[in-house]
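Colleague: Numbering (this note's numbering), first residue to last: 1229 to 1318. Ideal placement from N, C-alpha and C gives every residue a C-beta, glycine not left out. Let me give you the structure first, and then I'll get to my questions.
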């Protein structure tokens, strides 16, 4: 089975991300040539930055989007669509 791109989405805390690390290793072993990205929050990103099995880390902070949503729903949607566009381009 050929898989070009894999995206793991886990915007939760460090404990959840630690439990996800065996999955990353397994995915890399099963799909050695695939691009593997990971969506996480900013507190966890430094922990993942040393993981050689990941090609890229995307930071998604729900709190920032909540603040933006309260200020301007249109700006929040635009920002979220930009975030998705960046991920999709990889």
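Kindly give me the distance between the Cβ atoms of residue 1285 and residue 1237, rounded to whole angstroms, as I take these residues to be in contact under 8 Å.
Modeller: Wrong, their Cβ atoms sit about 12 Å apart, outside the cutoff.
Colleague: In chain order, what residues of the same chain lie with their CB nearer than 6 Å to the CB of residue 1248, ignoring the 5 residues before and after it?
Modeller: 1238
Colleague: Hey, how far is the Cα of residue 1231 from the Cα of residue 1314?
Modeller: 19 Å
Colleague: If you draw a straight line from the alpha carbon of residue 1245 to that of residue 1272, how long is it in whole angstroms?
Modeller: 8 Å
Colleague: Apply the 10 Å Cβ neighbour rule to residue 1282 and answer buried if 16 or more other Cβ atoms are within range, or exposed otherwise.
Modeller: buried
Colleague: Taking Cβ positions, are residue 1302 and residue 1264 nearer each other than 7 Å?
Modeller: no
Colleague: Excluding the five sequence neighbours on either side, which residues of its own chain have a C-beta within less than 7 Å of the C-beta of residue 1262, listed in chain order?
Modeller: The residues are 1231, 1232, 1233 and 1234.
Colleague: Residue 1265 by DSSP, collapsed to three states: which one?
Modeller: DSSP places residue 1265 in strand when its eight states are reduced to three.
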